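A.B. asks:
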Amino acid sequence: MSTPYNFAFLDENTKRMLRRALLKAVAIPGYQVPFGSREMPLPYGWGTGGIQVTAALLGPDDVLKVIDQGADDTTNAVNIRRFFGRVAGVATTERTADASVIQTRHRIPEIPLREDQLLVFQVPEPEPLRTLEPREAETRTMHALADYGLMHVKLYEDIAQYGHIATSYDYPVMVDGRYLTSPSPIPKFDNPKLDRSPALMLFGAGREKRLYAIPPYTRVESLAFDDHPFEIQRWEHHCALCGAGDSYLDEVVVDDRGTRMFVCSDTDYCSQRRDDATEEAA
Amino acid sequence: MYVAVKGGERAIARSLELLAEARRGDTAVPELELAQIRQQLRLGVARVMQEGSLYDEDLAALAIRQAAGDMQEAIFLLRAYRTTLPRFGYSEPLATQAMRVRRRVSGTFKDVPGGQVLGPTYDYTQRLLEFGASAASNTVEADEPLATTMPRVLDLLDAEALIERIDPGSDPEPTDLTRDPLMFPADRATRLQNLARGDEGFLLGMAYSTQRGYAESHPFAGEIRMGEVDVLICPEELGFAIEIGEITLTECQMINQFHGGNGVPPQFTRGYGLSMGEGERKAMAMALVDRSLRCDELGEPAYAPAQNQEFVLSHSDNVEASGFVQHLKLPHYVDFQAELSLLRTLAAQQRKAAGTEALA
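Protein chains in written order, with my numbering: chain A, 1 to 282; chain B, 1001 to 1360.
#1: If we require 3 or more residues per run, which beta strand (DSSP E) segments fall completely within the region 204-265 of chain A?
#2: With 16 other CB atoms within 10 Å as the buried threshold, where does G1169(B) fall?
#3: Quick one: complete alpha helix (DSSP H) runs, 4+ long, within the region 1021-1089 of chain B?
#4: I need the straight-line Cα distance from H1315(B) to V1325(B), nearest angstrom please.
#5: Suppose you measure from the CA of Y1002(B) to the CA of V254(A); what does that come to, to the nearest Å?
#6: Using only CA atoms, which one of G49(A), S247(A), S265(A), S271(A) lies nearest to Q103(A)?
#7: Inspect the beta-carbon positions of L57(A) and L155(A) and report whether they are closer than 8 Å.
#8: Would you say T1084(B) lies against chain A (beta-carbon separation less than 8 Å)?
#9: Three-state secondary structure (DSSP) at V123(A)?
#10: I need the DSSP call for S1091(B), collapsed to helix, strand or coil.
#11: Under 8 Å, do T1210(B) and S1292(B) count as touching if we go by C-beta distance?
#12: Can you give me, in chain order, the residues of the region 65-85 of chain A that have a beta carbon less than 9 Å from any beta carbon in chain B?
#13: Grouping DSSP H, G and I as helix and E and B as strand, with all else coil, what is C1295(B)?
#14: Spell out a yes or no on whether the region 85-103 of chain A and the region 131-146 of chain A are touching, meaning 3 or more CB-CB pairs, one atom from each, closer than 8 Å.
#15: Determine the DSSP secondary structure at V78(A), reduced to helix, strand or coil.
#16: Along the chain, where does the beta strand (DSSP E) that runs through G1273(B) open and close?
#17: Can you tell me which residues form a DSSP beta bridge with A1221(B)?
#18: Take S168(A) and list the residues in its own chain whose beta-carbon comes closer than 8 Å to its own, dropping the five residues that flank it on each side.
#19: Please list the partners that M40(A) has in chain B, where partner means a Cβ-to-Cβ separation under 8 Å.
#20: What separation, rounded to the nearest whole angstrom, lies between the Cα atoms of V1229(B) and N1256(B)?
#21: Taking 8 Å as the cut-off, does the region 98-112 of chain A touch the region 1018-1028 of chain B (at least 3 CB pairs, one atom from each stretch)?
#22: Enumerate in chain order the residues of its own chain whose CB-to-CB distance from L1342(B) is below 6 Å, with the five nearest sequence positions on each side excluded.
#23: Hey, could you find the ends of the beta strand (DSSP E) D68(A) is sitting in?
#24: Would I1166(B) be called buried (16 or more neighbouring beta carbons within 10 Å of its own) or exposed?
#25: List, in order along the chain, the chain A residues whose C-beta lies closer than 8 Å to that of A1338(B)?
#26: Checking 8 Å against the spacing of the C-beta atoms, do G30(A) and V120(A) come in under that value?
#27: Any beta carbon of chain A sitting closer than 8 Å to that of P1093(B)?
#28: With 7 Å as the C-beta to C-beta threshold (strictly closer), list the residues of the region 199-216 of chain A near chain B in chain order.
#29: If you measure from the beta carbon of F1088(B) to each beta carbon in chain A, is any gap under 8 Å?
#30: Give me the residue from A1354(B), L1054(B), L1146(B) with the minimum Cα distance to R1082(B).
#31: Would a C-beta distance cut-off of 8 Å place E1164(B) and Q1267(B) closer than the cut-off?
#32: Since Q1193(B) is in the alpha helix (DSSP H), which residue starts that stretch and which ends it?
#33: What residues in its chain sit with their C-beta under 6 Å from that of A1285(B), if we drop five residues either side in the sequence?
#34: Show which residues of chain A have a CB atom less than 7 Å away from the CB atom of D1026(B).
#35: Run the CB neighbour count on C1252(B), radius 10 Å, all protein chains shown included, and call it buried at 16 or more, exposed below.
#36: Below 8 Å on the Cβ atoms is my guess for R274(A) versus L241(A); work out the distance and round it to an integer in Å.
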């Protein structure tokens, strides 16, 4: 390695601090643990929380996958993967099934994760109540008292005004029946994947200096009302590349006449399906 | 046809090449040397050290060159490097009363013991662009030596009990915002630490707002002093303090009116600002904001942004702010897609409702 930096950039004491905070986060599912977030060589808001969590977890034998919007080849995902390639020299992969650590922004992979995999989320705003209450001292008190009436009123007002809940991503969840938690800005399509997931899910918010976790097999409920159950996005289309009808689709404008095509946002899922189809045909 | 997000790695590599080329510019023009930046752009170096939270002129100069003069980018570079440095210990409190003063002014008294010393200031330059080579003079002879001791102006008022007393012994153990997260409510020492790292422009605007009726605190510049201060550390194995060097500092002590309240008699109160190098604007702005953030402690009505510590302290850091504002250029396809489908649903509902009304 041609770098004067420690393995995975952070010094071992900092990693220990992060691991302690992560253990606390796992012990109190959904609770936001304040931690001594460090200044990373990538900008705040670009995944510094996830990067610190990944740096604290990576060992030399790990295989790292980094996705942004479900894709491995978006520039920021490439850059974070490049960073760890440079300062940790770990193996990287684009295949979800081959990864031991997956850092993600805005998506959960389509194929179910396993117990031996870690999913690390980049979180811009860890506080699900922030848009309703800007003061941190207040929101911490609300969590302490499990006083989430404000959020229920917000959802109720959506229903009163639009007939349904008008939140499409970063849809709030209750973790283990106790803490109201931001799933990070994943589409609500991905929320069901949080519930009782075999893989440990870790959330890092670098700028806001908070960590939290959803331990394996933890109950995660998306907020809803009895007469207005939680629903996920559905498309009239299938993926134009692999034909999948069960994946989250990105809309791509393909010409200047506004023609659209819909394709899988999870690029690995899409290419695996296409490879399988080619094999079957052969 | 579907190529939108492919090739990120190659695009980044090419972008780095373009950046290197743009940064260097015409190779017929000699590259800036670090010593030139350190000496001839010393105020920029001071700002980068201050907001980068690292006193190292050479590294700050390197960061400025690498950032092509973008100060916030240079600050970011220095902060990211700083993360990797071990912390050996803490210095003894700096004795700014023993500063080897090069500049010292007070707006409160015509003359003070030790005198008013303008020193190297832009204040009276008349801001006329100096065309042609700037006049260089290597040695300026002093007309007379400066006083060796210059008591702080505020200590003079303190003797008369006209100004609030600050007992240094009552200071809490300092938190270290580079190691521990900022929590609310934050005590004054923690607030000052945050302001010291805060963006000069942001603090300037905040300070300015307090002069225009948003938390008016009727300030006087009690004293501004700039010069060199010894840095002492007390290694555990030695048991006594040793000097490890000196740094240039600018200190500002504001004097503010206070009519009494919260069990405190009417007296002058203090706002404090401290900046590395010659950072007078920053130190003054910081002192005003420090004072306005003391509203709770002094029982003043808090209504203005500059009195709201969550507002000020959470938004003062330009590395945080710059990163988060600019993260908007990252892809948000997935969220945008989610919003698109929601908006289409809402629009369809509205069209349907309008159609029903038209029929009725």
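Ideal Cβ positions, reconstructed from N, Cα and C, are used throughout, including at glycine. Everything numeric in this text was worked out from a predicted model, so none of it was measured.
C.D. replies: In this structure, then:
#1: 210-214, 220-222, 249-253, 260-264
#2: Stepping through the second sequence from its first residue, residue 1169(B) is reached at position 169. By the Cβ-count criterion, G1169(B) is exposed, with fewer than 16 other Cβ atoms from all chains shown falling within 10 Å of its own Cβ.
#3: 1034-1040, 1042-1052, 1057-1066, 1071-1082
#4: Counting from 1 along the second sequence, the entry for residue 1315(B) is found at position 315. Counting from 1 along the second sequence, the entry for residue 1325(B) is found at position 325. So the two alpha carbons sit approximately 11 Å from each other.
#5: Reading the second sequence from its first residue, position 2 is the one you call residue 1002(B). Reading the first sequence from its first residue, position 254 is the one you call residue 254(A). Confidence at Y1002(B) is low in this model, with a pLDDT of 40, below 50, so the placement of that residue should be treated as unreliable; the coordinate-derived value is given next. Y1002(B) and V254(A): Cα-Cα distance of roughly 8 Å.
#6: Your numbering for residue 103(A) matches position 103 in the first sequence. For the residues G49(A), S247(A), S265(A), S271(A), the minimum Cα distance to Q103(A) belongs to G49(A).
#7: Against the first sequence, residue 57(A) aligns to sequence position 57. Against the first sequence, residue 155(A) aligns to sequence position 155. Taking 8 Å as the Cβ cut-off, L57(A) and L155(A) do not qualify as a contacting pair.
#8: Here the question's residue 1084(B) lines up with position 84 in the second sequence. Judged by the 8 Å Cβ criterion, T1084(B) is in contact with chain A.
#9: In the first sequence, the residue the question calls residue 123(A) occupies position 123. Note: V123(A) maps to coil in three-state DSSP.
#10: On the second sequence, residue 1091(B) is found 91 positions in, with the first residue counted as 1. In the structure shown, S1091(B) sits in a strand (DSSP, three-state: E or B).
#11: The residue you call residue 1210(B) lines up with position 210 of the second sequence. The residue you call residue 1292(B) lines up with position 292 of the second sequence. Their beta carbons are under 8 Å apart, which means T1210(B) touches S1292(B) by this criterion.
#12: For the region 65-85 of chain A, residues whose beta-carbon sits nearer than 9 Å to a beta-carbon of chain B comprise D68, Q69, G70, A71, D72, D73, T74, T75, N76, A77, V78, N79, R81, R82.
#13: Looking up residue 1295(B) in the second sequence gives position 295. C1295(B): helix per DSSP, three-state reduction.
#14: Because the criterion of three Cβ pairs below 8 Å is not met, the region 85-103 of chain A and the region 131-146 of chain A do not touch.
#15: Within the first sequence, residue 78(A) is the residue found at index 78, counting from 1. Helix.
#16: Counted from its first residue, the second sequence places residue 1273(B) at position 273. Looking at the DSSP string, the run of the beta strand (DSSP E) that includes G1273(B) is 1269-1276.
#17: One-based indexing of the second sequence puts residue 1221(B) at position 221. Answer by DSSP bridge pairing, in chain order: M1254(B).
#18: For the purposes of this step, residue 168(A) is taken as residue 168 along the first sequence, with counting starting at 1. So the qualifying residues of the chain are P187, K188, Q233.
#19: On the first sequence, residue 40(A) is found 40 positions in, with the first residue counted as 1. Near M40(A) (Cβ distances below 8 Å), the residues of chain B are A1080, T1083.
#20: For the purposes of this step, residue 1229(B) is taken as residue 229 along the second sequence, with counting starting at 1. For the purposes of this step, residue 1256(B) is taken as residue 256 along the second sequence, with counting starting at 1. Whole-angstrom Cα-Cα distance: 26 Å.
#21: no
#22: Here residue 1342(B) refers to the residue found at position 342 of the second sequence. Same-chain partners within the cutoff: there are none.
#23: By one-based count along the first sequence, residue 68(A) stands at place 68. Going by DSSP, D68(A) is part of the beta strand (DSSP E) stretching over 63-68.
#24: Walking along the second sequence from the start, residue 1166(B) turns up at place 166. Looking at its Cβ environment, which holds fewer than 16 other Cβ atoms inside 10 Å, I1166(B) is exposed.
#25: Your numbering for residue 1338(B) matches position 338 in the second sequence. What A1338(B) touches in chain A: S168, Y169, P187, K188, F189, Q233.
#26: In the first sequence, counting from the first residue as 1, residue 30(A) sits at position 30. In the first sequence, counting from the first residue as 1, residue 120(A) sits at position 120. Against a cut-off of 8 Å, the Cβ pair of V120(A) and G30(A) comes out as no contact.
#27: Position 93 of the second sequence, counting from 1, holds the residue named residue 1093(B). No, no contact with chain A.
#28: R207, K209
#29: Residue mapping note: residue 1088(B) aligns to position 88 of the second sequence, counting from 1. Against chain A, the CB of F1088(B) has no partner CB under 8 Å away; the residue lies outside that interface.
#30: Looking up residue 1082(B) in the second sequence gives position 82. Ranking A1354(B), L1054(B), L1146(B) by Cα distance to R1082(B) puts L1054(B) first.
#31: Walking along the second sequence from the start, residue 1164(B) turns up at place 164. Walking along the second sequence from the start, residue 1267(B) turns up at place 267. The answer is yes: Cβ separation under 8 Å.
#32: Against the second sequence, residue 1193(B) aligns to sequence position 193. From DSSP, the alpha helix (DSSP H) with Q1193(B) extends over 1188-1197.
#33: Within the second sequence, residue 1285(B) is the residue found at index 285, counting from 1. For A1285(B), where only same-chain residues beyond five positions count, the Cβ hits under 6 Å are L1203, L1204, A1207.
#34: Taking the second sequence and counting its residues from 1, the one referred to as residue 1026(B) is at position 26. For the C-beta of D1026(B), not a single chain A residue is nearer than 7 Å; the gap to the nearest is close to 29 Å.
#35: Indexing the second sequence from 1 puts residue 1252(B) at position 252. Looking at its Cβ environment, which holds 16 or more other Cβ atoms inside 10 Å, C1252(B) is buried.
#36: Here residue 274(A) refers to the residue found at position 274 of the first sequence. Here residue 241(A) refers to the residue found at position 241 of the first sequence. Confirmed, Cβ separation roughly 6 Å.
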